[in-house]
Amino acid sequence: MRPNQIDLNLFVVFEAIYGTQNLTRAADILCLSQPAVSNALARLRRIFDDPLFVRSKTGMIPTSVAENIIGQVRQALLLMNSSLNEADIFYPEKSDKTFRINMSDLIAAMTLPSLEEMVTKDAPFVHLESYHIPREDLRRELSTGTMDFAIDAPLLHDPQLCHIPLLKEQYVCMLRRDHPFKGNELTLQDYLNFDHIHASSRRSGEGHVDIALNNLGHKRNIHLRIQHYMVAPLVALRSDMALTAPRGLVSQYDARVMTLPFTLPDLELHLYWHKSRDMDPSNRWMRQKIMDISAGLSY
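Structural data, given as structure tokens:
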């Protein structure tokens, strides 16, 4: 008989009978009726093709087969009990779990260096993987467990997903240190006089900066459009172009960081995970690590 054809509860009954050598006391320990224990013993006898226990004046005496298997049965039950108990505990210093996080290159640049440093300090064998997948695929990825977390704008509305506000980042204007513009503050006309770098994963279409300027009746000159935020600061450092980006990104570079001369909504990010993993200890541990990092990034 294959293991998947056997009711594992039968071995709990077996261990109780072996320990008490009495069907009635075994039933009391297991909170079962004596007929239920007798029925379980009958099923075990059929499985092993052996009486297992022989009735005597002093109780149920185990046969040689029962004596041979009791050690392994108790080991298996102990292992299962240990697994159940440790399901509520996560030991980061021992774990080799891999956490997969969906984030854009912008978010990765702002969060991953500090997160990796913190995780390595407390959990040296834990691994991090960062991906960027389409927003419409996130629910499926999180529900199947192929992705543990997503850091994204608060645009995901699904009852199966849990989320919490992670951070808000102010947008600023980045110029290289020796930029021809020498003023201490930007006027709107100063800003419009610059050539600009526009970072967007889309091939076309306006960004939130351009929408805000359009609402004011203005348009900026986009001299360079690129897909990856990480490239944009490097270009700004070697040109006269201006880059409008979150402060948490541009503050990593030796550059001038200037307040925008018009109102632009902050970059708002939420942390998402699937509700089926809401109480998972490892998930909760990593959530706290990500939250700790974001607290240090908010300006």
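Counting in my numbering, the sequence shown runs from 1158 upward without gaps.
In this text, a Cβ means the ideal position worked out from N, Cα and C, and glycines have one as well.
In the DSSP assignment, find the unbroken alpha helix (DSSP H) run with residue i in it and report its ends.
i	result
E1273	D1262 to D1279
D1185	L1180 to L1187
H1365	H1365 to N1372
For residue i, count neighbouring Cβ atoms within 10 angstroms of its own Cβ and tell me buried if that reaches 16, exposed if not.
i	result
V1366	buried
F1282	exposed
Y1456	Reliability of the predicted coordinates at Y1456 is poor, the pLDDT of 41 falling under 50, and the value obtained from them is presented with this limitation in mind. Under this definition Y1456 is an exposed residue.
Y1175	buried
C1188	exposed
R1444	buried
A1197	buried
P1390	buried
D1435	exposed
Based on the DSSP secondary-structure assignment, which residues constitute the bridge partners of residue i?
i	result
T1255	H1284
P1403	Y1328
R1333	A1412
H1427	D1309 and P1322
P1390	P1390 pairs with nothing; no bridge assigned.
So, with DSSP's three-state summary, where would you put residue i?
i	result
K1432	helix
S1213	strand
R1231	helix
I1163	coil
M1415	strand
P1438	helix
S1451	helix
I1174	helix
P1192	helix
I1218	strand
D1294	helix
R1360	coil
I1246	coil
T1301	helix
K1446	helix
M1398	coil
Could one say the Cβ of residue i lies closer than 8 Å to chain D's Cβ atoms, at least one of them?
i	result
R1203	In summary, chain D is missing from the structure at hand, where a single protein chain is found.
What residue range does the beta strand (DSSP E) around residue i cover?
i	result
T1344	Here T1344 belongs to no beta strand (DSSP E), and DSSP marks it neither H nor E.
H1355	D1352 to A1356
D1309	F1306 to D1309
R1382	N1378 to I1383
If you check the beta carbons only, do residue i and residue j fall under 8 Å apart?
i	j	result
V1230	E1172	yes
P1403	M1260	no
I1450	M1275	yes
Y1386	A1307	no
N1440	D1305	yes
L1349	H1375	yes
H1427	H1284	no
F1205	I1218	no
T1177	Q1191	no
L1424	Y1328	yes
Is residue i near the ligand PLP, in the sense that its beta carbon is under 7 Å from a heavy atom of that ligand?
i	result
G1405	You won't find the ligand PLP in this model; it holds no ligand whatsoever.
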